[in-house]
Each structure stands twice: as C-alpha cells, then as structure tokens.
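Student:
Residue numbers (my numbering): 10 to 307.
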C-alpha cells in the first residue's frame with residue numbers, strides 16, 4: 010500500500026510539473042503588465058513579429074519573420090509620420106512587399122511617403138487602378154519610381170520566412186469596397202492571426218458561412234474597420250480570439266466595440282498610444298506596447 014501511495018505522489022508531482030511547464034497561449038503585458046513576469050522567448054527561437062503602427066482610422070502593420078519584412082496596408086498620409094516613426098524605431102530600412110487589402114486612402118496613401126524613407130521592393134494589389142482614384146495615384150507613383158506591382162487573388166498563399174499568409178477575397182462584385190477587402194490569415198507554428206481589413210457585416214457573415222471553422226478559430230484578430238463596425242457575434246463566436254488589436258484611439262465611438270469584446274472576455278489594445286507588438290515563437294503570443302519615440306516622428 011505504501012509503495013502504491015508513493016507512486017501516486019510521484020505521478021502527481023510529474024503531472025504538476027508538466028502543467029507548470031506548459032507554455033501559455035498569451036502573455037498580455039498591455040492590459041496586465043506583470044503577467045508572467047519571467048516569461049521570455051528563447052534567445053535563439055525563430056519568431057513571427059507583428060507591429061501595429063500607432064495610427065487611428067487607418068491600417069498599417071509590419072510583419073517580420075525569418076529575415077523577411079512585409080507590411081499589410083500602409084496607412085493614410087496624415088498618419089504616415091507615425092508609421093515611419095515606428096519603422097525607424099524598429100530599424101527597418103527595407104520592406105520586401107507592401108500588401109494592400111483594398112485601395113481606400115487610409116490603407117494605401119502612405120506608400121509614397123514610406124518609399125521615400127525605406128526601400129519598398131514590391132507592392133501587391135488585388136484591385137485594378139480603376140477601382141479608386143487612390144489606386145491610380147499609387148500605381149502611377151510605383152511606375153514612376155520603379156516599384157514593381159504584382160496582383161493577387163482569392164486563395165493566394167505567401168511564405169514569409171516560415172510563416173504563411175492565406176488570402177480570402179469573399180465579397181460579391183456589387184458589394185461596397187470595404188466588404189470586398191482581402192482578409193488574411195497568418196500562421197506560424199501553432200499560432201494564428203486574422204487581419205480583417207475593413208470587413209463590415211456582409212463580409213463578416215460570408216466568412217462565417219464559407220470558411221471552415223478550424224481556419225476561423227484564430228488566436229489574434231486585427232479588428233475590422235478600425236473598430237467602427239462592431240464585429241458580428243456569430244463570427245466572433247467562431248473565432249474565439251485570445252487578443253484583439255484595434256487600429257484606432259479609445260473614444261466614445263468605440264463604446265459598443267469595447268462592450269462586445271469584454272462580453273466575450275477578449276482583451277484588446279488600441280494602437281494610438283504606441284505601437285502594439287504581438288509576437289510569437291509558434292507556441293506563445295507576447296503582446297506589448299512600444300513607447301513612441303518622439304525623435305522618430307518630428
């Protein structure tokens with residue numbers, strides 16, 4: 010009996026040690042600064058780094074992995090100084106590609122200013138020049154400055170240094186441009202993120218209908234349409250994210266967006282106060298806010 014008891018104690022101790030050693034899904038140092046204070050990625054661990062520029066009412070995110078650097082959207086002209094400031098803080102001198110989700114000015118206009126500061130090797134578009142005046146202006150700038158433009162479509166997949174990006178273009182041709190935005194699913198190891206561009210209710214409902222549930226179940230979401238459009242509860246329930254990034258400022262218009270996220274127990278961060286960094290080694294996400302360096306935006 011004593012031997013059996015000792016064996017059970019040993020098994021329980023091993024199980025407790027395994028549970029203690031299990032890596033967390035999310036370490037959120039934005040909302041809970043002291044959470045897992047000892048957590049750190051292994052010094053030699055490959056990482057997917059996602060940085061959301063300190064902008065409002067615009068989208069600009071930098072992704073780095075395995076030596077590759079891309080941007081998903083590049084913001085508006087009025088927010089470009091803040092985007093460029095983040096790039097300077099991060100030591101970015103070259104961007105392999107800027108991927109535009111749709112050619113509204115607040116997702117594309119910043120390319121001209123960014124390209125004057127860092128080398129942009131490629132622009133990736135999914136809409137023709139005739140879609141918006143901004144699309145034509147940007148394509149003219151790229152032609153004049155020797156920036157290659159490539160075109161992508163629904164189902165496109167890119168590899169960025171070990172992470173993958175899958176493109177979903179699910180809007181109907183007669184829908185407004187926001188609801189024809191390219192939605193992008195990023196995966197690195199076991200961890201996933203969803204960039205929802207400006208998807209409003211029609212596109213959100215379409216995604217819930219046509220995308221397999223296992224692909225929608227992501228860890229991190231770039232909240233759609235800068236938090237202006239409250240996310241559909243049906244889609245949010247299928248996604249069950251652990252963290253949300255809202256490319257905006259925290260003001261009265263965000264009241265319903267915040268209420269929905271809190272009702273679903275999803276922590277979130279607004280970008281205006283400082284770049285939001287959400288990085289992973291393929292097992293754990295670490296969310297932190299970088300301070301704005303005033304010397305980079307003057």
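No residue lacks a Cβ here, since even glycine has one placed at the ideal position from N, Cα and C.
All of these numbers come straight from a predicted model, not from anything done at the bench.
Between the alpha carbons of residue 124 and residue 31, how many angstroms are there, rounded?
Tutor: Roughly 43 Å between the two C-alpha positions.
Student: Counting pairs of beta carbons, one from the stretch 208-222 and one from the stretch 90-97, are three or more of them closer than 8 Å?
Tutor: At 8 Å Cβ cutoff, the stretches do not touch.
Student: Based on DSSP bridge pairs, tell me the residues matched to residue 60.
Tutor: Partner(s): 71, 286.
Student: Starting from residue 135, trace the beta strand (DSSP E) in both directions and tell me its first and last residue.
Tutor: No beta strand (DSSP E) contains residue 135, which DSSP labels as neither H nor E.
Student: Would a C-beta distance cut-off of 8 Å place residue 84 and residue 115 closer than the cut-off?
Tutor: It is a contact, given that the beta carbons lie within the stated cut-off.
Student: What ranges does the beta strand (DSSP E) occupy inside the stretch 201-268, keeping only unbroken runs of at least 3 residues that lie completely in it?
Tutor: List check, beta strand (DSSP E) in window: 229-231, 252-255.
Student: Nearest-angstrom Cα distance between residue 59 and residue 104?
Tutor: Cα to Cα, the separation comes out at about 14 Å.
Student: Determine the contact status of residue 106 and residue 131, defining contact as a CB-CB distance below 8 Å.
Tutor: In this structure, residue 131 lies closer than 8 Å to residue 106 by Cβ.
Student: Take residue 170 as the anchor and find which of 176, 191, 157, 73 has the nearest alpha-carbon.
Tutor: Among 176, 191, 157, 73, the Cα nearest to that of residue 170 is on 73.
Student: May I have the straight-line CA-CA distance separating residue 243 from residue 40, to the nearest angstrom?
Tutor: Roughly 26 Å between the two C-alpha positions.
Student: Label residue 47 either buried or exposed according to how many other C-beta atoms from any shown protein chain fall within 10 Å of its C-beta, with 16 as the threshold for buried.
Tutor: Residue 47 is exposed by the Cβ-count criterion.
Student: For residue 220 and residue 177, which I take to be in contact (beta-carbon distance under 8 Å), what is that distance rounded to the nearest angstrom?
Tutor: Indeed they touch by this definition, with Cβ atoms about 7 Å apart.
Student: Take residue 288 and list the residues in its own chain whose beta-carbon comes closer than 6 Å to its own, dropping the five residues that flank it on each side.
Tutor: Within the same chain, residue 288 has close Cβ partners 56, 58, 295.
Student: For residue 135, which residues of its own chain have a beta-carbon under 7 Å away from its beta-carbon, when the five flanking residues on both sides are left out?
Tutor: So the qualifying residues of the chain are 160, 161, 162, 178, 191.
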